[in-house]
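Residues in the sequence shown are numbered from 0 upward in steps of one, following numbering that gives the first Met the number 0. Working notes for the structure below.
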Amino acid sequence: MRKFIIGNWKMQLSDRDSVALAEAVVRGWAERQSDPSSAQVVICPSHLVLAEVHDIVHGTGIGLGGQDAFWEDKGAFTGEISPATLAELGAKYCIVGHSERRQHLGETDDMVNKKVVALLRRDLYPIVCVGETAEERDSGRRDSVLVTQIRAALKATALSEEQRIIVAYEPRWAIGTGRAADPNDAAEAHQLIRDELIELYGVEKTERQCAVIYGGSVTSENLGSFLGHSIIEGALVGGASLDAKEFLMMADIASRT
Ligand code: PGA
0 MRKFIIGNWK
10 MQLSDRDSVA
20 LAEAVVRGWA
30 ERQSDPSSAQ
40 VVICPSHLVL
50 AEVHDIVHGT
60 GIGLGGQDAF
70 WEDKGAFTGE
80 ISPATLAELG
90 AKYCIVGHSE
100 RRQHLGETDD
110 MVNKKVVALL
120 RRDLYPIVCV
130 GETAEERDSG
140 RRDSVLVTQI
150 RAALKATALS
160 EEQRIIVAYE
170 PRWAIGTGRA
180 ADPNDAAEAH
190 QLIRDELIEL
200 YGVEKTERQC
210 AVIYGGSVTS
220 ENLGSFLGHS
230 IIEGALVGGA
240 SLDAKEFLMM
250 ADIASRT
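Written out as structure tokens, the structure is:
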């Protein structure tokens with residue numbers, strides 16, 4: 000499977016800067032990439048610029064994702080955005096359960112599960128974030144936390160042929176801290192997640208329709224050491240995705256791996 004390089008722009012950019020960054024990524028990708036099918040690049044801008052960024056990336060092979068979605072397609076849910084609208088705006092991917100949402104907005108495993116189910120219903124590809132806190136890790140609970148989060152997030156999902164799920168292993172203490180996980184340690188967590196996916200969907204569907212990627216202080220400097228483990232199938236990148244040159248460098252590394 001192609002390696003994923005997914006940029007999560009969070010709430011970091013103005014509309015104008017988002018458009019400029021999308022244009023720079025598209026320009027650079029078209030210039031540098033000899034084989035555009037060798038890595039799957041995805042960008043997740045703010046919902047407010049999705050339509051505009053869609054026009055920029057359309058037809059380039061670069062995928063577009065939302066940063067969150069609600070679990071209903073329509074209704075009295077002030078401030079929310081539905082999977083149906085995301086699809087209409089041209090998104091194919093959507094991040095769910097990011098630790099910043101779990102931490103600041105009280106997002107629970109149950110909510111994450113409802114979102115995953117709703118996204119799959121629209122054939123959008125959920126990027127499901129899981130990961131332990133520093134305290135959970137220090138008390139030896141990394142594995143049990145990951146298993147609980149995965150099982151809860153993917154409860155009552157059966158992947159039909161056109162559906163895909165990406166799980167991002169993002170240890171909370173590594174996000175935005177400049178302190179990335181040790182790649183061997185991350186690979187071990189990926190194995191655990193993959194085993195859970197196999198348990199849920201079987202080997203074949205896991206191979207074909209699921210990917211497990213790493214997130215947390217990824218840069219062009221350390222990406223190679225993560226992708227050196229074949230079980231790490233890409234990266235979810237925050238801070239380092241805001242610089243087109245740096246982001247494209249990561250896409251290049253993923254293309255060669
Ligand atoms: P970071 O963010 O790369 O800035 O650590 C990753 C993420 O939040 O997905």
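Backbone N, C-alpha and C fix where the C-beta goes; we use that ideal spot for every residue, glycine too. Bear in mind the structure is a predicted one, so any value in this text is a computation, not a measurement.
Which residues share a DSSP beta bridge with I212?
Beta-bridge partners assigned by DSSP to I212: A167.
Throw me the rounded Cβ distance for the V116 and W70 pair, which I believe falls under 8 Å.
Between W70 and V116 the Cβ distance is about 7 Å, and since that is below 8 Å, they are a contact.
Could you check if H103 belongs to the surroundings of the ligand PGA, using beta carbon to heavy atom distance under 7 Å?
Using a cutoff of 7 Å, the CB of H103 does not count as near the ligand PGA, since none of the ligand's heavy atoms is closer than that.
Ignore the nearest five residues each way along the sequence and tell me which others in G89's own chain have a CB closer than 6 Å to its CB.
When the five nearest sequence neighbours on each side are left out, the beta carbons in the same chain lying within less than 6 Å of the beta carbon of G89 are those of H53, L63, in order along the chain.
Verify the contact flag: H189, CB atom, against every heavy atom of the ligand PGA, threshold strictly below 7 Å.
Every heavy atom of the ligand PGA is 7 Å or more from the Cβ of H189, so no.
Any 3 or more C-beta pairs closer than 8 Å across the segment 111 to 129 and the segment 164 to 183:
Using a C-beta cut-off of 8 Å, the segment 111 to 129 makes contact with the segment 164 to 183, since at least three inter-stretch Cβ pairs fall below that distance.
If you count every other CB in all the chains shown that lies within 10 Å of the CB of L158, and 16 or more means buried, which is it?
Residue environment analysis places L158 among the buried positions, since at least 16 neighbouring C-beta atoms fall within 10 angstroms of its C-beta.
Kindly examine the ligand PGA and report whether one of its heavy atoms sits closer than 7 Å to the Cβ of V211.
Every heavy atom of the ligand PGA is 7 Å or more from the Cβ of V211, so no.
Beta-bridge partners of A38, as assigned by DSSP
Answer is K2, bridged to A38.
Per-residue DSSP class, three states only, for I192
If DSSP states are grouped into helix, strand and coil, I192 belongs with the helices.
List in chain order: all unbroken beta strand (DSSP E) runs of 3+ residues lying wholly within the segment 223 to 253.
As for any beta strand (DSSP E) of minimum length 3 sitting wholly inside the segment 223 to 253, the runs are 233 to 236, ordered along the chain.
Between F225, E220, S37, which has its C-alpha nearest R255's C-alpha?
When each option's Cα is compared against that of R255, the closest is S37.
Could you tell me which residues DSSP pairs with Y92 in its beta bridges?
Per DSSP, G64, Y124.
Would you say L123 touches the ligand PGA, meaning its beta carbon is less than 7 Å from a heavy atom?
False, no ligand heavy atom lies under 7 Å from that Cβ.
Inter-stretch contact at 8 Å, needing at least 3 Cβ pairs: the segment 232 to 245 / the segment 214 to 224:
Counting Cβ pairs under 8 Å, three or more are found: they touch.
Near the ligand PGA: L235 beta-carbon under 7 Å from a heavy atom
Yes.
From what residue to what residue does the alpha helix (DSSP H) around D16 run?
14 to 31 is the extent of the alpha helix (DSSP H) around D16.
Do A173 and V24 have their C-beta atoms closer together than 8 Å?
Contact: no.
Span of the alpha helix (DSSP H), counted from its first residue to its last, around H97
Annotation for H97: no alpha helix (DSSP H) segment contains it, and DSSP assigns it neither H nor E.
From the DSSP secondary-structure annotation, give me the bridge partner or partners of N7.
Beta-bridge pairing links N7 to C43.
Under 8 Å between C-beta atoms of H46 and I5
In this structure, H46 keeps its C-beta atom at 8 Å or more from the C-beta atom of I5.
Contact under 8 Å by Cβ, A185 with Y200
No Cβ-Cβ contact shorter than 8 Å links A185 with Y200.
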